[in-house]
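Chains A and Y, in that order, give the protein sequences. Positions 15 to 1033 (our numbering) are the ones given, in order, by the first sequence. Positions 15 to 1033 (our numbering) are the ones given, in order, by the second sequence. Some notes on the structure that comes next.
Protein chains: 2
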Amino acid sequence: MKNEKKALEEFFQIQHVDEMEPFFMNIVSGTDLWTFMSSNGGITAGRRSADWALFPYETDDRVTASAENTGSKTLIRRNGYHHCWEPFSIRSEAQFNIVRNLYKNRIGNSVIFEEINNDWQLAFRWQWTPGDRFGFQRKATLTNLGTETISLEVLDGLQNIMPCGVPSGLQQASSNLVNAYKETQLEPQTGMGMFSLSAIIIDRAEPSEALRCNVAWQVGLDNPTHLLSSAQVPAFRKGLPLKEETLVKGECGAYLLGTSMTLQAEEKKTWTIVADVMKDQTEVVALREMQKHISMQTALDEDLKNATALLVQLVAQADGIQTTSDKARTARHFSNTMFNIMRGGIPMNTPTPENPLPLGFSRRHGDPTRPWNKFNINTTDPVTGKPVLDYEGNWRDLFQNWEALAVSYPTLLKPMTDKFLSCSTADGYNPYRVTKAGFDWETVDPSDPWSYIGYWGDHQIIYLLRLMEAEEAHTPGEIAARLDIPAYPFANVPYRIKTYHEILQNPKDTIRFDASLNNQIKKEMAVKGIDAALLKGTDGKTIKVSLLEKLLVSLLAKLSNFIPDGGIWMNTQRPEWNDANNALVGGGLSVVTLCYLHRALVFYRNIVAASPTATFTLSREVSTWMDCTKDALALTSTQEVMNALGEAATTYRQKIYTQSFCEGNIQVQREDVLSFLTAALSPVERSIRANRRDDGLYHSYNILELSKGRFAGIRTLPEMLEGQVAVLSSGVLSPKEALAVLDTLRTSRLYREDQQSYMLYPNKELPGFLEKNCLPGDALDRSALLKKMIKEGDKRLVSQDVCGKLHFNGTFRNAADLATAMKNIDVTEDEQNVLLDLFEETFDHKAFTGRSGTFYAYEGLGSIYWHMVSKLVVATQECYFQALDSNAPETEALAKHYHAILEGTGIHKDARQYGAFSTDAYSHTPWGKGVRQPGMTGQVKEDILTRFGELGVRIKDGKVTFSPTLLRDDEYLPDGTLTFSYCGAQITYHRGKGEGITLSEADSARLFARQMTELEINV
Amino acid sequence: MKNEKKALEEFFQIQHVDEMEPFFMNIVSGTDLWTFMSSNGGITAGRRSADWALFPYETDDRVTASAENTGSKTLIRRNGYHHCWEPFSIRSEAQFNIVRNLYKNRIGNSVIFEEINNDWQLAFRWQWTPGDRFGFQRKATLTNLGTETISLEVLDGLQNIMPCGVPSGLQQASSNLVNAYKETQLEPQTGMGMFSLSAIIIDRAEPSEALRCNVAWQVGLDNPTHLLSSAQVPAFRKGLPLKEETLVKGECGAYLLGTSMTLQAEEKKTWTIVADVMKDQTEVVALREMQKHISMQTALDEDLKNATALLVQLVAQADGIQTTSDKARTARHFSNTMFNIMRGGIPMNTPTPENPLPLGFSRRHGDPTRPWNKFNINTTDPVTGKPVLDYEGNWRDLFQNWEALAVSYPTLLKPMTDKFLSCSTADGYNPYRVTKAGFDWETVDPSDPWSYIGYWGDHQIIYLLRLMEAEEAHTPGEIAARLDIPAYPFANVPYRIKTYHEILQNPKDTIRFDASLNNQIKKEMAVKGIDAALLKGTDGKTIKVSLLEKLLVSLLAKLSNFIPDGGIWMNTQRPEWNDANNALVGGGLSVVTLCYLHRALVFYRNIVAASPTATFTLSREVSTWMDCTKDALALTSTQEVMNALGEAATTYRQKIYTQSFCEGNIQVQREDVLSFLTAALSPVERSIRANRRDDGLYHSYNILELSKGRFAGIRTLPEMLEGQVAVLSSGVLSPKEALAVLDTLRTSRLYREDQQSYMLYPNKELPGFLEKNCLPGDALDRSALLKKMIKEGDKRLVSQDVCGKLHFNGTFRNAADLATAMKNIDVTEDEQNVLLDLFEETFDHKAFTGRSGTFYAYEGLGSIYWHMVSKLVVATQECYFQALDSNAPETEALAKHYHAILEGTGIHKDARQYGAFSTDAYSHTPWGKGVRQPGMTGQVKEDILTRFGELGVRIKDGKVTFSPTLLRDDEYLPDGTLTFSYCGAQITYHRGKGEGITLSEADSARLFARQMTELEINV
């Protein structure tokens, strides 16, 4: 695989990059250096988090807008010419005949900006690459492309270098205050720039020393003039001489080097500026002395070599390296793997009983395109500099990335599911965030209007299920064998789900936050760690229950919200899947969860059936809940089923909320459990089938209509992509039915021809500003109060425009605002109802789905959300294999769909169509724009899964089979081979020489344990 | 004064404005429109607050940096030419021979940007003026300066127009998210642009309609092509045709008009773009219909006329209009008056008993140069559109602006002092903010690390005193007459000052925040209003005390912290004057307050002596405190005095904190009060004199040295400007002594030659990064622990650099961090002390004064803080009048100083020296830079006071004298007259015709009551 590693050094190119809309890139290092760049040259970079920035951490639009003032800056004056050439600056665009190109290497850790000045026959390039020891390297190359000798004055370097110690929020809201504290000094012996604060910025009247600085220095230019600010840039532009700057106070820092150079024909000059953050005096002195005594160029080259090797090694461990003739595809797989382990982590050590998941490289995610997420790269100890093992993330993120990681580390599947199950609550949900130490939950902060709580029920069933399915495939019987072992605690999240009766009254406000319990837990956690957040029994000891009980509780929690033919009622204040339809909370019924529940019930039934024991120990409370649920599902009317399920869950919850588990254990027969699972399965399947639309697609979400706390019907919503993915994954459809769904999907309103892919829901036009907020024409007839108020010119509720139309007060945002306003002016109850009806008629808020109807990027109107598309790829591949295994006639047609959807994800798209280098995954593509949000999308996990499926790696009954039936022939190299890494082994396929193989159970186990290094397979 | 009103329309010009550093301007309207502009064209504007912005509200550096993308944008293509001319854009700078000029009118509500393209012989101007009815008007004028007919393609308009409904914090931190919600539509009938959100941006899953929009429309161009985004700007630049945009989603809004025009020689074309915010459907329809039916140009002209007239009228009412030959001076006075009433407000109605201060136009201050302040202009009701009477501000701001307002409205002096006294606490301090409804205080918010509490003791004595002195001068005897009337409540601020003993232990942590009392008061306030925050007696009724008791309590509070020869100990957690020396809190002794206390004691002694009654009713608690204080002041040693004062105050506070006032009242003889005041006066005066430095200046602040809770000496600090101002104001100095101070000041290190003015303290160089944090050379000898840790490579406390020097861990900010780190690694107490000593030796934090030593703008190193300079002007004028009245030989020399210092404030400075239009006051001038922070500085209040003094308006014994001895001769108009407004009357001076006059008491009273309209005076 050495050649491939070398090939990773190759660069992809986008010519005339300035003809595209600027796009954003996420440049990665093997340690804690982070960089985000815009294709116009804008940059933000730093270490660890946004608070340790070399260039200001701003949202992507601002990074792009700051290109003139931040990051790389070069001014080139040619002797005898009046104009000044400034590569990538808008100042130069109209003055020269220029070409701008962009390059990114296959590893994804190096980007080159290139501008060719055809008038002067000069090319200037700068290349950004993160090292590790020395930080960021920015190498400049100036080449004389012509045949004349050229004499030049050059001012080159970095602008707007941050001092050390500025939190990103302070910089964003108060950059002018930060500027007042900036102190930039030249280290006179070496010409190194030191960027510090005169003091750490605090409001308290106490000393607050700033004892660390950011640094910049250079190699390659002899005795340049050093500038520490941009103050002299205008003077240089005019041809005035530069004056060395040694101390600049109260201004933005810069590190600019002025020099003269003469370039012979075809000669090129190269120099490197190095910049790093968070250096204390000891480190700066070390750097100074080193610069005085050794060849820094060699050390810099070494650092880049090591940094790149480290990153490649991490990705290689996670099987990111493949060699096929499709370089775009293998580069994307490399990148997918890299982004997958960035979020989920990768084992750094051998697992031990104390640390069964010794992951590192994981990080809390976030980037400048999504300001609500704050990334944090905890890979090294800031004091000792030693590697840190840590992981942290929203639970759905961590577990999704772990699923892909488990392809390469299947022995981690058990500790992963253990972690999953140890975080779930006794009422059947999962807390918000998982950390190495345990878990964390959202809290209510009265001073933060954005704070909110709830259970993000999404993926809860499917993500756990997929990990378990994988474990069962790799090590059959092991799950069944531990079903009855009491090993799992419950998370004691201080949320209290209200009673069924209360939920019916207001299904959007269903959880009480127990602030005092929260405080008590957090206080105890400071001393005892996560143990303080685990549920205790009446004896004060941490409760541990069996795997079966854990699984049952999560199934029962979902089933307790089952609405026959409707779906799973989403009433835990947070949306089911991501935020697209966040307003469905309360009223929404998830068919999606129903589909995954089906798959889970089937799987768990098989596991239970395979259990070596005939009885199981369950808490009596759970057993009762199970029995009641089973009975409830046998009832006939929807209202009866709802009531019985809701009451059973309420009874259970009230017991555990008030007394924890106190009823003791009970032995339950296997047959009883199986009978419960079977009893659940049939209404679930029936309900899925009931959600088939006339066009052959399936509903994704429905709306539960309630009237005075009683079931009043199910309302459907327009088609969505998610439901198709779910039904294809549910195990309900035959290959024929699956194919029908995929065929219909291609001709549906969800398909976007320009990107050959699928939106989450059909694009639609919102009403124009003057079309919305218009009351029905008969409003005045219906409300005497309105008539009176309009007559009196009282605009507090409604105003009438000069053309006679009525509009609600422009300060109202929803019916609650109207209600408050009416309360303030003593409107009668009857009139209140009339006005609230008018409001609902005007806005139709009952059908409000949330973000999917309110904005134009991310999961918004017209956007393609790539993670969901890649889930469709996964589901299609599953259907393909199902068809293949059953020799169904739809097999080839499903394969065709698979490849078509996969192509739509953009691997082979032209940069102009894709909107960026297509070797990187991006989160979404808004209507009419290029891709957005680089790298850390859930898509990478799905693409890793399907890639191994495509390579024909399938695991079943503890054995791995290599049989690449989906693989495109043209991926083979000219010699008929291709190689890829799997469980750390290099697998080589020899095409046309055989039929693939299935390894023995023993060999498979060796492979899963990463004890094989190579495998040659004839396929 | 009509001519003068006309003259206000005149414009001041700055030629070649692009050769100056960009500077910032505050453009004012008579209602709620706000605009801040950078001289490079950058702009932010809106109504009411930063949350209702037309262009994004950002800090000034960002407004300047956004000029290319935000606000006015013009592209001009000339037929037959390749290049595109973009006035004020960096794109055009090198392409054409251009001149850029800037104009601002005398009123200060209109700014013109002008670029002359000498190559094409074209001039383009755009002018920003806020109207009221229609919002912001931006008038464009394109003039053919040449003799040829020119054909042009023009794209002109506004970029980055905000949608309605985006809070400024959201925009600053998450502009890319905001972009995703943007919806811009063209109103097809009129070509009006409507800028709205698709939904109000919230995280909750609830409908949130955005029912208001911002609008932009135009008058003057026939059938232009409308663009609603900047997307086609690059195409226009290349000469491609434009395509009308009718709906743009998910992008920054713009309002750009494409048109062709032909300009004959010397012909000019004019058009106007109008933009406004917060329009609902009813208002937009009204605007649409109006545009269809009437001549909008006439309506626009009318609106500007009215808006300007309103602003001028407001300023005129506050005597802002003067006519002299010095237009810069009178323009600055106009501007000073305008900014003074913007903060303090101006009477809008006749005072009534219910509303004795019917002020409007006041606002909470703030601007883009100080992101920590959030302005709020509550002048009109957003629903009804009717004027609102309101005022709000930090108490020191409001009362300072009121002092200047009272020059024109002297009848408001009593209600002003009443307001002041009704806000002070029983322990003798003032809450943070004053509102029309009452007052407000800072609270501790555990989730906000910036939240903090304390009493800002600064100005407490002097601001009240100055209001009282003014009242006594206007209506002698009235204060004395109400000394014994129980009319004043105490604010029950939930702060509890600790005991003297506790304060000695930690003088930086001296106030307990009573969170539960705070909650209780706030809860009650929601129902009962401010009454809930007033101190109640044991009977539950609001306590009311006499004026004398109020005054005594505030004097006693200060005296309780009197340190003989040292000053007033600042131990209420907040600094005395502004934040410059904020870290003096706890250790600092204010000589400044001592000076003002002296002046106050003298004044109050006179008032008490003049009282018509011989006895006063005091609360027994206060009487006891007074007696104890008097006794304490008679003690000899500093320690004894401190102890006795501190214990007396503690006893008093403990009583009122625990039982409120419960000891009943006592009758106190006038002589006893006088004897107390006299007893206080003499040590105060002695201490002031003790603070004379050898160079003749006076100390401003000293440091109290404590050792184990005992007095251990007084340490002096370098010279500061504030102490000189205070001693000149104290009434202690003779004219001769005052002159000596001013002479010395001019030759001191405080003087900045380049600005002919004074810094707050001498500029100094901070140690360089590698010079700081170096432990003493013998550190290893002193600490065995350090030696051991260094040997073991343990860097948790100290690291050693390769050159052998030792440095504390770079994460430490102060000794507390070191202490925490030592605690974590179990360092012995002895070693702890050694290391803490080493830390103090390394950083000398005992002498840490706070911001004055930590940053480079605002009140920082090298800055001139103009408010303090203008206080020096006030003090100098007072000394001049004192000398004049006593025929002292120093009179002329003092007058000379007065004029020199006044000139230094910049009225007549060249724009390049000043850094902006010198007709506006700015807050400060950092070293080597231009002025910063336009308009709303306390300076304006001082300058108003001295201006009337300079005009010879002096009030004494109820009579006003007009005798302009300080006025410069060259201010008279050629006809020997000048006019100014005073108490609403037009005063005309006829020079050389007389000696001025003193009006009779009756005439004076008529004038004070604003019942005179004109007065001709021979001077």
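All residues carry an ideal CB built from backbone N, CA and C; glycine is no exception.
Rounded to whole angstroms, what is the Cα-Cα separation between A/TRP464 and Y/TYR936? Taking the first sequence and counting its residues from 1, the one referred to as residue 464 of chain A is at position 450. Taking the second sequence and counting its residues from 1, the one referred to as residue 936 of chain Y is at position 922. Taking the straight line from one Cα to the other gives about 37 Å.
Using 9 Å as the limit for Cβ to Cβ distance, is Y/VAL298 near chain A? In the second sequence, counting from the first residue as 1, residue 298 of chain Y sits at position 284. Yes, contact with chain A.
Among Y/ARG865, Y/THR825, Y/ASP553 and Y/TYR466, which one has its Cα closest to the Cα of Y/THR586? Start at 1 with the first residue of the second sequence, and residue 586 of chain Y comes out as number 572. Looking at the Cα atoms, Y/TYR466 is the closest of the given residues.
Which class does A/ASN392 belong to by DSSP, given the choice of helix, strand or coil? Within the first sequence, the letter at position 378 stands for residue 392 of chain A. The three-state secondary structure of A/ASN392, taken from DSSP, is coil.
Could you compute how far the alpha carbon of Y/PHE504 sits from the alpha carbon of Y/ASP333? What you label residue 504 of chain Y is simply residue 490 of the second sequence in a count that begins at 1. What you label residue 333 of chain Y is simply residue 319 of the second sequence in a count that begins at 1. Answer to the nearest angstrom: the Cα atoms are 34 Å apart.
Indicate the three-state DSSP secondary structure (helix, strand or coil) for A/GLU72 in the structure shown. For the purposes of this step, residue 72 of chain A is taken as the residue at position 58 of the first sequence. A/GLU72: coil per DSSP, three-state reduction.
Return the first residue and the last residue of the alpha helix (DSSP H) that Y/ALA330 is part of. Your numbering for residue 330 of chain Y matches position 316 in the second sequence. Its alpha helix (DSSP H) spans residues 310-331.
Given Y/ARG763, which residues of its chain have a CB within under 6 Å of its CB, disregarding the five upstream and five downstream residues? Locating residue 763 of chain Y in the second sequence gives position 749, where the first residue counts as 1. Same-chain partners within the cutoff: PRO776.
Identity of the residues DSSP links to A/TRP583 by a beta bridge: Locating residue 583 of chain A in the first sequence gives position 569, where the first residue counts as 1. Per DSSP, A/LEU603.
Validate contact between the stretch 56-68 of chain Y and the stretch 162-180 of chain Y using beta carbons, cut 8 Å, 3 pairs: Short answer: they touch.
Measure the C-alpha to C-alpha separation of A/PRO988 and A/GLY1006 and round it to an integer number of angstroms. Numbered from 1 along the first sequence, position 974 holds the residue referred to as residue 988 of chain A. Numbered from 1 along the first sequence, position 992 holds the residue referred to as residue 1006 of chain A. One C-alpha to the other measures close to 13 Å.
Can you check whether the C-beta of Y/THR398 is within less than 9 Å of a C-beta belonging to chain A? For the purposes of this step, residue 398 of chain Y is taken as the residue at position 384 of the second sequence. Yes, contact with chain A.
Looking at chain Y, is there any beta carbon in it that lies within less than 9 Å of the beta carbon of A/VAL599? In the first sequence, counting from the first residue as 1, residue 599 of chain A sits at position 585. Chain Y, which has a Cβ nearer than 9 Å to the Cβ of A/VAL599, makes this yes.
So which of A/ALA830, A/PHE869 and A/TYR870 has the shortest CA-CA distance to A/ASP851? Position 837 of the first sequence, counted from the start, is the residue given in the question as residue 851 of chain A. Of A/ALA830, A/PHE869 and A/TYR870, the residue nearest in Cα terms is A/ALA830.
So who's on the other strand from Y/VAL26, going by DSSP bridges? Within the second sequence, the letter at position 12 stands for residue 26 of chain Y. Correcting the residue type first, residue 26 of chain Y is Phe in the shown sequence and not Val. DSSP, once it has assigned bridges, lists Y/LYS118 as partnering Y/PHE26.
What's the C-alpha gap between A/TYR618 and A/SER633? Start at 1 with the first residue of the first sequence, and residue 618 of chain A comes out as number 604. Start at 1 with the first residue of the first sequence, and residue 633 of chain A comes out as number 619. In this structure, the alpha-carbon of A/TYR618 lies about 19 Å from that of A/SER633.
Under 8 Å by Cβ, that's how I've got Y/THR351 and Y/THR344 pegged, so tell me the actual separation to the nearest angstrom. As a position in the second sequence, residue 351 of chain Y is number 337, starting the count at 1. As a position in the second sequence, residue 344 of chain Y is number 330, starting the count at 1. With 8 Å as the limit, Y/THR351 and Y/THR344 do not qualify as a contact, their Cβ atoms being about 10 Å apart.
What does the alpha-carbon distance come out to for the pair A/THR161 and A/TRP134? By 1-based counting over the first sequence, the position of residue 161 of chain A is 147. By 1-based counting over the first sequence, the position of residue 134 of chain A is 120. If you take the alpha carbons of A/THR161 and A/TRP134, they lie about 11 Å apart.
Chain-order list of residues whose beta-carbon lies under 6 Å from that of A/MET1026 (same chain, five-residue window excluded): Numbered from 1 along the first sequence, position 1012 holds the residue referred to as residue 1026 of chain A. For A/MET1026, where only same-chain residues beyond five positions count, the Cβ hits under 6 Å are ALA999 and ARG1020.
State yes or no: is the beta carbon of A/SER188 nearer than 9 Å to at least one beta carbon in chain Y? Mapped onto the first sequence, residue 188 of chain A falls at position 174. Yes, contact with chain Y.
For a contact meaning CB atoms closer than 9 Å, what does A/GLU406 contact in chain Y? The residue you call residue 406 of chain A lines up with position 392 of the first sequence. Here the premise fails: no neighbours, minimum Cβ distance about 21 Å.
Just by C-beta distance, which residues in the stretch 171-197 of chain A are closer than 8 Å to chain Y? Within the stretch 171-197 of chain A, the residues whose Cβ lies closer than 8 Å to some Cβ of chain Y are GLY183, GLN186, ALA187, SER188, SER189, ASN190, LEU191, ASN193, ALA194, TYR195, LYS196 and GLU197, listed in chain order.
A/PHE69 and A/GLY55: beta carbons closer than 9 Å? For this step, residue 69 of chain A is matched to residue 55 along the first sequence. For this step, residue 55 of chain A is matched to residue 41 along the first sequence. Not closer than 9 Å, so no.
Classification of A/ASN111 by the beta-carbon crowding that lies within 10 angstroms, buried from 16 upward: The residue given as residue 111 of chain A occupies position 97 in the first sequence. Exposed: under 16 other Cβ atoms inside 10 Å.
Name the residues in the stretch 103-122 of chain Y whose C-beta lies less than 9 Å from a C-beta of chain A; which are they? Against chain A - using a Cβ distance shorter than 9 Å - the residues of the stretch 103-122 of chain Y are SER103, ILE104, ARG105, SER106, GLU107, ALA108 and GLN109.
Which term fits Y/TRP386, buried or exposed, when burial requires 16 or more other beta carbons within 10 angstroms of its beta carbon? Counting from 1 along the second sequence, the entry for residue 386 of chain Y is found at position 372. Exposed: under 16 other Cβ atoms inside 10 Å.
For the stretch 809-825 of chain A, enumerate the residues whose C-beta is nearer than 8 Å to any C-beta of chain Y, in chain order. Look at the stretch 809-825 of chain A: the residues with a C-beta under 8 Å from a C-beta of chain Y are LYS809, ARG810, SER813, GLN814, ASP815, VAL816, CYS817, LYS819, HIS821, PHE822, ASN823, GLY824 and THR825.
Cβ distance (whole Å) where A/GLU485 is taken to contact A/GLU492 below 8 Å: Here residue 485 of chain A refers to the residue found at position 471 of the first sequence. Here residue 492 of chain A refers to the residue found at position 478 of the first sequence. Going by Cβ atoms, the distance from A/GLU485 to A/GLU492 rounds to 7 Å, so yes, they are a contact pair.
Closer than 7 Å at the beta carbon, the chain Y residues around A/SER222: In the first sequence, counting from the first residue as 1, residue 222 of chain A sits at position 208. ARG827 and ASN828, listed in chain order.
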